[in-house]
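Residue numbers (the working numbering): 1 to 88. Glycine included, C-beta positions come from ideal geometry on N, C-alpha and C. The model shown is predicted, which means the values in this text are computed figures rather than measured ones. The block underneath contains the structure these notes are about, expressed in structure tokens.
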Amino acid sequence: MFGTSGPRNPVLIYKLYSNMRPSDFSSDQHPFYLATRTIDTASQWFLRQLLGVNKLGQMLKAMAKDAGFPEHKRIITHSVRKFLVQKL
């Protein structure tokens, strides 16, 4: 992955994500996906807690719906990849 110009630069997005994690929860041995805070704080978006499998599944379904994927089809990770390749 490499950086591009504009607001969709994946490197800048990762750096923003990294800055919003708890500072003592940013090493390689800590989980990448963390639970989000429900209380609004500008300095820290995430908790020191692993994001659960069920929540990850719900997020995938919500993103697929927002992206306009067919709702009648079962969505799994390789379905998303296949759909995107077909659209490209």
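Looking only at its own chain, which residues have a Cβ that is under 7 Å from the Cβ of residue i, when we skip the five neighbours before and after it?
i          : result
residue 46 : 20, 21, 22, 34, 35, 36 and 37
residue 55 : none
By how many angstroms is the C-alpha of residue j removed from the C-alpha of residue i?
i          : j          : result
residue 67 : residue 58 : 14 Å
residue 48 : residue 14 : 18 Å
residue 29 : residue 53 : 19 Å
residue 18 : residue 4  : 18 Å
residue 74 : residue 10 : 28 Å
residue 70 : residue 60 : 13 Å
residue 26 : residue 44 : 13 Å
residue 72 : residue 8  : 30 Å
residue 64 : residue 24 : 33 Å
With a CB to CB cut of under 8 Å and the five nearest residues on each side skipped, what residues in its chain are close to residue i?
i          : result
residue 31 : 50 and 51
From what residue to what residue does the beta strand (DSSP E) around residue i run?
i          : result
residue 50 : 46 to 50
residue 36 : 34 to 36
Please classify residue i as buried or exposed, where buried requires at least 16 other C-beta atoms within 10 Å of its C-beta.
i          : result
residue 6  : exposed
residue 16 : exposed
I'd like the span of the alpha helix (DSSP H) that includes residue i, first residue to last.
i          : result
residue 20 : Residue 20 -> no alpha helix (DSSP H), and no H or E assigned at all.
residue 40 : Premise fails: residue 40 is in no alpha helix (DSSP H) and is neither H nor E.
residue 58 : 53 to 67
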